[in-house]
DNA sequence: TTGTAGGCGTTATCAC
DNA sequence: GTGATAACGCCTACAA
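Protein chains in written order, with my numbering: chain A, 6 to 329; chain B, 6 to 329.
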């Protein structure tokens with residue numbers, strides 16, 4: 006690959022001049038500029054980003070730390086982030102933390118060594134302090150760590166309320182909830198939203214809330230047991246779509262028809278919900294928008310621009326399909 | 006962040022010495038080594054990868070160009086690649102090409118500028134010539150471009166034969182095929198495999214092969230039409246799982262019970278197949294293994310090591326679930 | 001308007 | 001064994 010020196014020689018100017026036309030900085034005579042541009046074209050020269058990074062101490066690269074790209078919730082986020090970053094001239098490094106703080110920390114170290122300009126992370130294990138000490142912009146997506154750190158999330162509680170109320174409106178009278186992991190903020194918020202709607206009802210029992218881990222298989226088991234214990238249940242609000250599908254399976258296995266005998270609603274709006282039969286009614290998050298915003302906010306921060314706020318909370322939307 | 010110079014000063018040695026202990030190269034006295042190591046620890050020094058890259062002309066980074074990470078086929082591949090790369094000390098940059106050659110080319114340019122050490126790509130549009138001119142190792146995954154370029158794929162034709170035969174063994178007598186895009190090698194191979202099994206049958210008609218584009222919605226439409234035209238059909242082999250699920254939907258809409266009245270089998274073995282009801286019978290690819298191999302082979306190539314072969318073809322496996 | 005030169009943090013080649 | 005020092009390719013004072 007040709008270097009700036011080659012271009013300079015070819016155009017019979019100094020490297021400084023080439024650099025100037027490259028970056029559109031400082032004075033360059035019209036004639037000279039033309040010569041240089043011709044040289045660049047002739048030599049098919051592309052500036053070496055690594056050398057640039059070394060000098061500028063930034064790399065036009067951002068790190069994206071997700072629990073696991075195989076979890077169907079994350080690809081759309083990742084896609085939106087990559088799209089947006091790419092449009093703005095940034096490249097994204099993908100990291101899978103498996104919810105493991107140590108692993109996340111290792112990735113962060115590597116990213117720092119590579120001079121990434123910023124990081125987008127979805128994690129509940131990482132600490133605010135750790136992030137602060139990074140000295141580069143960080144934005145959190147989907148999981149909130151602290152109000153101090155720019156965060157992109159959705160109104161989980163409201164969504165949960167919408168889901169639960171919707172089940173009630175559909176005439177369901179004994180509504181259960183499969184909640185997500187205790188250590189994930191959004192799972193708690195969704196559970197809280199459910200509670201707000203049902204706690205006043207006299208039919209409500211604590212045992213209508215069962216623990217899931219956001220995964221399908223576990224949800225199936227847990228719901229099967231729930232239905233055995235409480236055959237009166239006629240509605241389920243699952244804290245995410247994956248578990249909702251697990252719940253549908255359980256309902257079938259229990260011999261219940263969905264939606265005739267039991268209604269099931271999920272949360273997230275992932276593509277999977279359209280693949281199930283019946284298709285899943287859900288509280289849809291604007292996933293692409295979330296990812297896009299995360300990338301935009303992060304890059305603003307990188308460029309030292311002001312951001313309007315530090316907490317971006319998007320609205321969710323009820324999408325009625327065939328499971329309710 | 007502390008630099009090698011800071012460490013040198015702190016340990017009262019030269020940067021050369023620090024570099025030596027860092028890289029375990031050249032002679033370093035036991036005493037000196039200890040001093041340096043202490044300094045490194047005290048200053049919490051981590052070598053700057055960018056500077057290293059500049060000097061070495063490699064970045065310990067690989068590029069991963071996929072059509073679209075939102076396509077449920079790719080996350081598992083991406084995950085395997087990232088896992089493996091990470092274990093071997095490499096970082097991966099994610100790129101979504103949308104099957105667009107220009108876009109892929111732009112990504113390649115950027116990756117080159119960033120000195121990536123190699124690229125893993127899944128594409129049918131890119132040309133062998135283009136890849137050759139890159140002068141860095143490239144391996145193809147899932148889509149074969151040329152026998153000259155290291156390629157990781159699966160025995161598509163065999164898998165297709167297995168699928169079709171399986172349907173026959175299940176007593177199905179009128180078996181249709183939804184094929185994938187014409188310009189994708191694996192789609193043609195799968196279609197070919199189907200053909201090999203059915204072409205001898207007297208019931209076989211050309212119109213039993215319909216065109217899909219590997220997407221669910223299109224598959225549903227296409228299968229609906231197919232069933233209208235040919236109500237005798239009692240088995241469908243879809244060229245991928247996503248279309249198979251679309252086919253299941255179509256069958257339901259047409260009033261057919263799966264698997265009682267019609268059997269449906271897919272190809273790929275993606276997680277989606279376990280989310281559908283009934284769960285999908287499929288020809289499973291060892292996706293993780295494929296990704297892992299791609300990463301391993303690429304890194305071997307990067308290190309200048311020999312690879313055993315240039316064409317890695319893995320076996321597929323029939324996974325019987327509830328749709329057949 | 002253009003060129004010279006120093007430095008970004010490392011590594012590797014020499015001397016010593 | 002250890003230490004200067006010249007690259008790697010680029011950018012930006014500062015001179016000219």
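Backbone N, C-alpha and C define an ideal beta-carbon position, used for all residues, glycine too. None of these values were measured; they are calculated from a predicted model.
Start and end residues, alpha helix (DSSP H) containing residue i
i             : result
residue 161/A : 161-174
residue 28/B  : 20-28
residue 112/B : 106-118
residue 227/A : 221-234
residue 41/B  : 35-48
Residue-chain proximity (residue i, chain A), Cβ-Cβ < 8 Å
i             : result
residue 74/B  : yes
residue 96/B  : yes
residue 27/B  : no
residue 114/B : yes
residue 253/B : yes
residue 92/B  : no
residue 312/B : no
residue 250/B : yes
residue 101/B : yes
residue 1/B   : Residue 1/B is absent from the model: chain B starts at 6 and stops at 329.
Proximity of residue i and residue j at Cβ, strictly below 8 Å
i             : j             : result
residue 20/A  : residue 26/A  : no
residue 3/B   : residue 298/B : Summary: the structure shown does not reach residue 3/B, with chain B confined to residues 6 through 329, and so no result is reported for it.
residue 159/B : residue 319/B : yes
residue 328/B : residue 253/B : yes
residue 63/A  : residue 114/A : no
residue 263/A : residue 270/A : no
residue 198/A : residue 249/A : no
residue 15/B  : residue 56/B  : no
residue 216/B : residue 227/B : yes
residue 277/B : residue 77/B  : yes
residue 69/B  : residue 99/B  : yes
residue 170/A : residue 185/A : no
residue 53/B  : residue 118/A : yes
residue 59/B  : residue 12/B  : no
residue 125/B : residue 306/B : no
Residue i at chain B interface by Cβ criterion, 8 Å
i             : result
residue 84/A  : yes
residue 87/A  : yes
residue 270/A : no
residue 80/A  : yes
residue 64/A  : yes
residue 245/A : no
residue 191/A : no
residue 273/A : no
residue 261/A : no
residue 280/A : yes
residue 294/A : no
residue 119/A : yes
Reduced DSSP category for residue i - H, G, I as helix; E, B as strand; rest coil
i             : result
residue 68/A  : strand
residue 184/B : strand
residue 53/A  : coil
residue 212/A : helix
residue 321/B : coil
residue 76/B  : coil
residue 315/B : coil
residue 58/A  : helix
residue 341/B : Outside the displayed span of chain B (6 to 329) sits residue 341/B, for which this structure offers no information.
residue 3/A   : What the structure shows of chain A is the stretch from 6 to 329, and residue 3/A is not part of that stretch, so it cannot be assessed.
residue 198/A : helix
residue 7/B   : coil
residue 268/B : strand
residue 282/B : coil
N-terminal and C-terminal residue of the beta strand (DSSP E) that residue i is part of
i             : result
residue 297/A : Run containing residue 297/A: none in the beta strand (DSSP E); it sits in the alpha helix (DSSP H), 292-307.
residue 101/B : 96-101
residue 31/A  : Element bounds for residue 31/A: n/a, residue is neither H nor E.
residue 253/B : Premise fails: residue 253/B lies in the alpha helix (DSSP H), 246-258, not in any beta strand (DSSP E).
residue 286/B : 286-289
residue 124/B : 123-126
residue 4/B   : With chain B running from 6 to 329 in the structure shown, residue 4/B is simply not present.
residue 189/B : No beta strand (DSSP E) contains residue 189/B, which DSSP labels as neither H nor E.
residue 154/B : No beta strand (DSSP E) contains residue 154/B, which DSSP labels as neither H nor E.
Original post:
Quick one, which residues of the stretch 44-58 of chain B are near chain A if we go by CB-CB under 8 Å, in chain order?
Top reply: 51, 52, 53, 54, 55, 56, 58
In the stretch 201-227 of chain B, which residues sit with their C-beta less than 8 Å from some C-beta in chain A, listed in chain order? Here the close residues are 221.
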